[in-house]
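Chemist:
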Amino acid sequence: MNGKNKILLVEDSPETSLLLTRVLEKEGYLVTSTSDGKEALNLLEENIPDVIILDLYIEGLPGLEVCRLIRTEPRNHPVYIIMLTSEKDSVVDGLDSGADDYMVKPSNLDELKARVRKGVRSAEDKRFSIQDSQTSWYNKHFFDLYQNTKISFLVKESIPISIVMADIDYFKKINDTYGHDMGDTILVEFSQVLKSNCRKRDVPIRWGGEEFIILLLGITVATATKVAERMRSVVANHTFSKDLKVTASFGVSLYQTDEKDFFKGADEALYQAKEAGRNCVVAIGI
């Protein structure tokens, strides 16, 4: 596991930060460090680590508040948080804020390394539970987490959520002609092409088969339609394995907050795109 796993160290003491960084890097971890709570949250938006070692007393934002905010973002679900505190009385507050583990400073380095190893195993297990194993996109289980937390917040704040639903055209023909192994390869390449055209805050979800959903946060349907058209063009001009040319159809709509089928509009738009001849974008609700 070491060599690829990432640690975010949030520690206000330069001496302690330097010591822990050296120890963890020697173990093969990739360590990013900061002494500021706000910067830690910004770093999380760029790159989600496996383990966060979080001091209770830091600059910018208190450690307890940083921990609470980390737990409000579903993308951070796999992250394992180890709270560092010099006061044992603060342990309960830390665990209540969402920490998975704690250590009272000064820390025993061998014990810290063992707790980090435990945290990495936990993060990998949780990440597996919310990712599609084939494409590494989020799966339906993650959508359930996201819907119950982040989407509810966005809806209350009247922040629009647009949906782009994408489906590979004539995918059965690809499987029938080239075999299912090639079909799987095309699915993975297709997911990579789409994801490379997403913003970091967008939420890509493998819904099943050759169907993919992207949640565009804070984006109107009109703008989302332009995004989908760019994706359609990139896919159509991309050369896939064995020099195959592949196209896709796209349906765009707003997230349906008052429907049991939250993707009803996008699904209907996608159906219309297929009926219109495929390799096109149809939007509902512009």
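Quick note: the sequence shown uses my numbering, first residue 3, plus one each step. C-beta atoms are modelled at their ideal positions from N, C-alpha and C, and glycine is treated no differently. The structure displayed is predicted, hence computed values, not measured ones.
Tell me whether residue 124 sits in a helix, a strand or coil according to DSSP, three-state version.
Modeler: In the sequence shown, counting from the first residue as 1, residue 124 sits at position 122. In the three-state scheme derived from DSSP, where H, G and I count as helix and E and B as strand, residue 124 is classed as helix.
Chemist: Could you tell me which of 62, 246, 250 sits nearest to residue 179, measuring between CA atoms?
Modeler: In the sequence shown, counting from the first residue as 1, residue 179 sits at position 177. Answer by Cα proximity: 246.
Chemist: For residue 230, which option in 243, 195, 242, 263 has the closest C-alpha, if you only look at C-alpha atoms?
Modeler: Taking the sequence shown and counting its residues from 1, one reaches residue 230 at position 228. Nearest option by C-alpha distance: 195.
Chemist: Can you pull the DSSP bridge partners for residue 82?
Modeler: Position 80 of the sequence shown holds residue 82. The partner list for residue 82 (beta bridge, DSSP) reads 53.
Chemist: Beta-carbon within less than 7 Å of residue 280's beta-carbon, same chain only, minus the 5 sequence neighbours each way: which residues are those?
Modeler: Here residue 280 refers to the residue found at position 278 of the sequence shown. Hits under 7 Å: 171, 249, 251.
Chemist: Do residue 254 and residue 223 have their CB atoms nearer than 7 Å?
Modeler: Position 252 of the sequence shown, counting from 1, holds the residue named residue 254. Position 221 of the sequence shown, counting from 1, holds the residue named residue 223. Yes.
Chemist: Strictly by DSSP, which residues pair up with residue 233?
Modeler: Residue mapping note: residue 233 aligns to position 231 of the sequence shown, counting from 1. Residue 233 is not bridged to any residue.
Chemist: Can you grab the Cα-Cα spacing for the pair residue 28 / residue 102, in whole Å?
Modeler: For the purposes of this step, residue 28 is taken as the residue at position 26 of the sequence shown. For the purposes of this step, residue 102 is taken as the residue at position 100 of the sequence shown. Cα to Cα, the separation comes out at about 24 Å.
Chemist: Check whether the Cβ atoms of residue 257 and residue 264 lie closer than 7 Å to each other.
Modeler: Stepping through the sequence shown from its first residue, residue 257 is reached at position 255. Stepping through the sequence shown from its first residue, residue 264 is reached at position 262. Cβ atoms of residue 257 and residue 264: closer than 7 Å.
Chemist: Specify the secondary structure class of residue 213 as computed by DSSP and reduced to three states.
Modeler: Start at 1 with the first residue of the sequence shown, and residue 213 comes out as number 211. Residue 213 falls in the strand class under three-state DSSP.
Chemist: Taking DSSP as the reference, what is the three-state secondary structure of residue 136?
Modeler: Taking the first residue of the sequence shown as 1, we reach residue 136 at position 134. Residue 136 falls in the coil class under three-state DSSP.
Chemist: Helix, strand or coil for residue 8, going by three-state DSSP, please let me know.
Modeler: What you label residue 8 is simply residue 6 of the sequence shown in a count that begins at 1. The answer is strand: DSSP assigns residue 8 an E or B state.
Chemist: Per DSSP, residue 166 forms a beta bridge with which residues?
Modeler: Along the sequence shown, read from residue 1 onward, the residue named residue 166 stands at position 164. Residue 166 is bridged to 216, 254.
Chemist: For residue 104, which three-state DSSP category applies?
Modeler: As a working mapping, residue 104 is identified with position 102 in the sequence shown. It is a strand residue.
Chemist: I'd like to check one pair, residue 23 with residue 33: are the Cβ atoms closer than 7 Å?
Modeler: In the sequence shown, the residue the question calls residue 33 occupies position 31. In the sequence shown, the residue the question calls residue 23 occupies position 21. Yes, the pair counts as a contact, with Cβ atoms nearer than the cut-off.
Chemist: For residue 247, list the residues DSSP reports as bridge partners.
Modeler: In the sequence shown, counting from the first residue as 1, residue 247 sits at position 245. Paired residues: 241.
Chemist: For the beta strand (DSSP E) that residue 285 lies in, which residues bound it at each end?
Modeler: Within the sequence shown, numbered from 1, the residue matching residue 285 stands at position 283. Per DSSP, the continuous beta strand (DSSP E) segment holding residue 285 begins and ends at 283-285.
Chemist: Is the CB-CB distance between residue 57 and residue 86 below 7 Å?
Modeler: Numbered from its first residue, the sequence shown carries residue 57 at position 55. Numbered from its first residue, the sequence shown carries residue 86 at position 84. Taking C-beta atoms as the reference points, residue 57 and residue 86 count as a pair closer than 7 Å.
Chemist: Among residues of its own chain, excluding the 5 on either side of residue 242, which ones have a beta-carbon nearer than 7 Å to its beta-carbon?
Modeler: Residue mapping note: residue 242 aligns to position 240 of the sequence shown, counting from 1. Within the same chain, residue 242 has close Cβ partners 188, 191, 248.
Chemist: Pick helix, strand or coil for residue 206, following the three-state DSSP scheme.
Modeler: For the purposes of this step, residue 206 is taken as residue 204 along the sequence shown, with counting starting at 1. If DSSP states are grouped into helix, strand and coil, residue 206 belongs with the strands.
Chemist: Give the secondary structure of residue 277 by DSSP, where H, G and I count as helix, E and B as strand, and everything else as coil.
Modeler: Within the sequence shown, numbered from 1, the residue matching residue 277 stands at position 275. Residue 277 sits in a helix when the DSSP states are folded into three classes.
Chemist: Between which two residues does the beta strand (DSSP E) containing residue 34 stretch?
Modeler: Here residue 34 refers to the residue found at position 32 of the sequence shown. Here the beta strand (DSSP E) through residue 34 covers 32-36.
Chemist: Say yes only if the C-beta of residue 94 is nearer than 6 Å to one or more non-hydrogen atoms of the ligand NAD, and no if none qualify.
Modeler: Questions concerning the ligand NAD fall outside what the structure shown contains, since it holds no ligand whatsoever.
Chemist: Can you tell me the Cα-Cα spacing of residue 151 and residue 158, whole angstroms?
Modeler: Translated into positions along the sequence shown, residue 151 becomes position 149. Translated into positions along the sequence shown, residue 158 becomes position 156. So the alpha carbons of these two residues sit roughly 11 Å apart.
Chemist: Would you identify the three-state DSSP class for residue 159, choosing helix, strand or coil?
Modeler: In the sequence shown, the residue the question calls residue 159 occupies position 157. Three-state result, residue 159: coil.
Chemist: Can you tell me where the alpha helix (DSSP H) holding residue 194 begins and where it ends?
Modeler: Walking along the sequence shown from the start, residue 194 turns up at place 192. It spans 182-197 - the alpha helix (DSSP H) in which residue 194 sits, taken as one unbroken run.
Chemist: Quick check: what's the CA-CA separation for residue 269 versus residue 100?
Modeler: On the sequence shown, position 267 is the one that residue 269 refers to. On the sequence shown, position 98 is the one that residue 100 refers to. Going from the Cα of residue 269 to the Cα of residue 100 covers about 37 Å.
Chemist: Measuring only the C-alpha atoms, how far is residue 125 from residue 161?
Modeler: Along the sequence shown, one-based indexing puts residue 125 at 123. Along the sequence shown, one-based indexing puts residue 161 at 159. Each residue's Cα considered, the two are about 30 Å apart.
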